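Report on one structure; see the data block that follows.
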Amino acid sequence: MNQVKRILALKRIPTLFVEYEKCLNDKDTAIHDINSFLGGGLDTEAISGAIDPTLRRQI
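For what it's worth, the numbering used here labels the leading residue of the sequence shown as 17, then goes sequentially.
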């Protein structure tokens, strides 16, 4: 993962890394971070409704 991060940084490719656990445990912050990174046009309420921590083990 560190090598990927270095390559992305060298090529100046904007990247946001989001941890799965953060999406489950602090979804509002994760959604805000993703929405901000992508320019602010997402339907954050719809995204929030799609995150269901009870489905965690069904990946």
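Glycine is no exception: its CB is placed at the ideal position from the N, C-alpha and C atoms. Just so it is clear, the structure is predicted and the values come from calculations on it, not from any experiment.
Secondary structure note for Leu54: it is in no alpha helix (DSSP H), with a DSSP letter that is neither H nor E.
Close CB contacts of Thr60 within its chain, under the 6 Å cut and outside five residues either way in sequence, are with Ile47, Asn51 (chain order).
Contact between Asp49 and Leu32 holds, with the beta-carbon distance rounding to 7 Å and staying under 8 Å. In the displayed model, Leu32 falls within coil according to three-state DSSP, outside both helix and strand.
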